[in-house]
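J.: Right, I'll just put the structure down here and ask away after.
Residue numbers (UniProt numbering), protein chains in the order written: chain R, 1 to 376; chain W, 1 to 376.
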């Protein structure tokens, strides 16, 4: 399924074959939490900005509209009208970050819906069933995302349970993929490495899950409060214990700099809400750093957000117009910023792939970081 | 400038030639109050849904971003990136409906900005200057929009002042159109007929302003609280006193039924916030009546909002998906509804033009009203 095309140092350039098409890696997945990109961006728009993979959230779709509704409507691809790959997370992270009162047991997690307070149970089997109903291309294993900081003892117990949950996920997905009314019978499963900032726990866990021959492996529980240096250190120490011939996914990360550092350490897949969230706050990513479009200096600026940018927004509208839309609280301004920012991330990944292919990733990374550090 | 192609009863089918292209009438102008259609719809989207004329508000753009800013940026067409006709209202209606404490004097109106409470003065000359700065295709004369109900005495005094203001508007626009740095030196001016529901005042005023040889004539101060029957009656009695060889514009109206009734009485131009406002409240216009997309019956409905509709939304997305977006409070749902509703209005005007051309407007109107009355 994954073909390693070339390496430049530890940086990997690969191709991941799925039933919904080939993903060129490294890749940044565009986050559409509730089956929609926030900021009024449609799947038709995603087709124009180089999006390869859309990511939706199992927990959100389970509570609304309900995964059974999505299944009856033919699965997430048909529901959203998106024919390329979709990755669904397992719901684990949201259960631990969003949901109300929760109890972790060996069988799974009891918690309250953040929408209506209703009591819900989710364990490995439920997460796999929901993701099978959603019929995503890639499902994520159900794990515990441990708090940061956590004691060594808590972490070890949590990781051991996550391993036992992974075994149950594998078994359940195999069963689901063989059922006659399963929409995507070739759904793939990525396991998730945990262990916080305890490198030895991470490494042992990576070795353990690597034996399970999954379709891909993720690093979870990072970017949850530790420093960037701690995160880079953990990635550097753990990735060598994950299979080279499988994709590696760093969950929920991050800034352009974070992505460049992680690619250098062998990561293939990324996702993050930054481009859409920052867009909704009036910030645009550019090769000269982040711009705050609300700034008065753009009042009469008729240039595009980024000169030379090929995104549909920069090809048409000016800084002055976008600033006005933001000031006037017109939704259109947010849509424009989110569109540009997602394009910026997708385009950066394309540049990264090109740089690795040409074995000049280090030079590319240096130049990109220096450019972004200039400030606007 | 206006060419009457044919008539079907009183209904007019015309062509209005402007520096920004030809407008086929009857026409519905799409309202982009603050130089943006509410609901994250861009001018690029308008190109795809049959929009002929965009309408922006002088008062809103004067307070933000400021008409001088728009002028420095090359005018509203360049600012919004819209090359077809733009009509700007005079600011009068907003001064009387939105602004704080106001004082009406012979010279104009003193009022407070609804944004920052700042004291502003606007009279006929100021309104013309602002609209000249915005460089719209068609400017509206500065009038008083009298309260409803108003006494006969108040109304007569108000209408007389509106006539004197119109004379000042004509003079000022002539001056502005001759200035070397005016962006649109061919800016056109529409006068506004007032008189509330006093038919005789309306008629006298219509006769008076018809002598002034303006580019078009509007009926203002309707749909402000009087019944539909009163409004239709006033239109029917007044339009015959406005020039047949000029376009007639019914300001701020209305529902599809209102438009059909007014077209039958000789109106050419319309504008209304209903399609975008109702869209933002989850309502879609269809040929079978209005749909509330939040209704539970659409939860599993994979049909488009309107079967056979050629709008970009109905061509792609289902009722079930749009309902989910609305329930999840995703902006994308609002964008889809506004897009569809504007398309519905624009398409209805196309049908109206076709029906008048083929002298079957009455049959068309009857069938359309019956269809919409079915309910969904």
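By construction, the Cβ of each residue, glycine as well, lies at the ideal position given by its N, Cα and C atoms.
Let me check understanding here. Comparing Cα to Cα, which of W:374, W:375, W:351 lies closest to residue 365 of chain W?
T.: Looking at the Cα atoms, W:351 is the closest of the given residues.
J.: If distances are taken between C-alpha atoms only, which option among R:257, R:189, R:147 comes closest to residue 167 of chain R?
T.: The residue with the shortest Cα to Cα distance from residue 167 of chain R is R:189.
J.: Between residue 375 of chain W and residue 289 of chain W, how many whole angstroms is the CB-CB distance? I'm expecting something under 8 Å.
T.: Indeed they touch by this definition, with Cβ atoms about 5 Å apart.
J.: Report the three-state DSSP secondary structure of residue 35 of chain R (helix, strand or coil).
T.: In the structure shown, residue 35 of chain R sits in coil (DSSP, three-state: anything other than H, G, I, E or B).
J.: Report all residues from its chain with a CB closer than 7 Å to the CB of residue 6 of chain W; omit the five preceding and five following residues, and keep chain order.
T.: Cβ neighbours of residue 6 of chain W beyond the five flanking positions: 13, 356, 357.
J.: Do you know offhand how far residue 176 of chain W's Cα is from residue 182 of chain W's?
T.: Roughly 7 Å between the two C-alpha positions.
J.: If you follow the alpha helix (DSSP H) that residue 187 of chain R is part of, which residue opens it and which one closes it?
T.: Residue 187 of chain R -> no alpha helix (DSSP H), and no H or E assigned at all.
J.: So is residue 281 of chain R buried or exposed if we call it buried at 16+ other beta carbons inside 10 Å?
T.: Exposed: under 16 other Cβ atoms inside 10 Å.
J.: Answer with buried or exposed for residue 1 of chain W, where buried requires no fewer than 16 other C-beta atoms within 10 angstroms of its C-beta.
T.: Result: exposed.
J.: Along the stretch 332-362 of chain W, what residues have a CB closer than 9 Å to any CB found in chain R?
T.: Per Cβ criterion, the list reads 332, 333, 334, 335, 336.
J.: Can you pull the chain R neighbours of residue 316 of chain W, defined as C-beta to C-beta under 7 Å?
T.: Correct list: 44, 81.
J.: Would you call the stretch 252-265 of chain R in contact with the stretch 219-233 of chain R, where contact means no fewer than 3 C-beta pairs closer than 8 Å?
T.: Counting Cβ pairs under 8 Å, three or more are found: they touch.
J.: Any beta-carbon of chain W closer than 7 Å to the one on residue 73 of chain R?
T.: Closer than 7 Å: yes.
J.: Residues of chain R with CB under 8 Å from residue 54 of chain W, in chain order?
T.: Simply none; closest approach about 13 Å.
J.: Closer than 8 Å is the cut-off here; do at least three beta carbon pairs connect the stretch 68-80 of chain R with the stretch 130-140 of chain R?
T.: Output reads yes: the stretch 130-140 of chain R touches the stretch 68-80 of chain R.
J.: Compare the C-beta of residue 36 of chain W against all C-beta atoms of chain R and say whether one is closer than 7 Å.
T.: Yes, residue 36 of chain W counts as interfacial toward chain R.
J.: Give the DSSP-derived three-state secondary structure of residue 24 of chain R in the structure shown.
T.: If DSSP states are grouped into helix, strand and coil, residue 24 of chain R belongs with the strands.
J.: Measure from the C-beta of residue 321 of chain W to each C-beta in chain R and report whether the shortest distance is under 7 Å.
T.: True, the Cβ-Cβ gap to chain R drops below 7 Å.
J.: Please list the residues of the stretch 273-304 of chain W that have a C-beta atom closer than 8 Å to any C-beta atom in chain R, keeping them in chain order.
T.: Cβ contacts with chain R: 299, 300, 302.
J.: Give the DSSP-derived three-state secondary structure of residue 295 of chain R in the structure shown.
T.: It is coil, neither helix nor strand.
J.: Taking only the alpha-carbon atoms, compute the straight-line gap between residue 102 of chain W and residue 114 of chain W and give it to the nearest angstrom.
T.: Going from the Cα of residue 102 of chain W to the Cα of residue 114 of chain W covers about 11 Å.
J.: Look at residue 220 of chain W and residue 192 of chain W and say whether their C-beta atoms are less than 7 Å apart.
T.: Yes, these two residues count as a Cβ contact at 7 Å.
J.: State the start and end residues of the unbroken alpha helix (DSSP H) segment that holds residue 59 of chain R.
T.: Here the alpha helix (DSSP H) through residue 59 of chain R covers 58-63.
J.: Using a beta-carbon distance cut-off of less than 7 Å, what residues from the stretch 105-121 of chain R approach chain W?
T.: If the cut-off is 7 Å between Cβ atoms, the stretch 105-121 of chain R has nothing near chain W.
J.: Given that residue 325 of chain W touches chain R, what residues does it touch there, using C-beta distances under 7 Å?
T.: Simply 36.
J.: At the 7 Å Cβ level, is residue 330 of chain R part of the contact set with chain W, yes or no?
T.: Yes, residue 330 of chain R counts as interfacial toward chain W.
J.: For residue 104 of chain W, I'd like the list of residues in its chain whose CB is within less than 7 Å of its CB, leaving aside the five on either flank, ordered along the chain.
T.: Around residue 104 of chain W: 144.
J.: Assuming residue 84 of chain R and residue 9 of chain R are in contact, meaning their beta carbons sit under 8 Å apart, how far apart are those beta carbons, in whole angstroms?
T.: Wrong, their Cβ atoms sit about 29 Å apart, outside the cutoff.
J.: By Cβ distance below 7 Å, which residues in the same chain neighbour residue 349 of chain R in space, the five residues on each side in sequence not counted?
T.: Closer than 7 Å at Cβ, skipping near neighbours: 26, 27, 28.
J.: Return the Cβ separation of residue 253 of chain W and residue 222 of chain W in integer angstroms, given the expectation that the two are a contact with Cβ distance under 8 Å.
T.: Rounded, the Cβ-Cβ distance is 7 Å, consistent with contact.
J.: Tell me which same chain residues have a C-beta within less than 7 Å of the C-beta of residue 19 of chain R, skipping the five on either side of it?
T.: Within the same chain, residue 19 of chain R has close Cβ partners 137, 184, 186.
J.: Relative to the C-alpha of residue 173 of chain R, which residue among R:283, R:142, R:16 is closest?
T.: The candidate whose alpha carbon is nearest that of residue 173 of chain R is R:142.
J.: At the 7 Å Cβ level, is residue 65 of chain R part of the contact set with chain W, yes or no?
T.: Taking Cβ atoms only, chain W reaches closer than 7 Å to residue 65 of chain R, which makes this a yes.
J.: Helix, strand or coil: how does DSSP classify residue 340 of chain R here?
T.: Note: residue 340 of chain R maps to helix in three-state DSSP.
J.: Whose C-alpha, out of W:4, W:139, W:241, W:179, is nearest the C-alpha of residue 208 of chain W?
T.: It is W:241.
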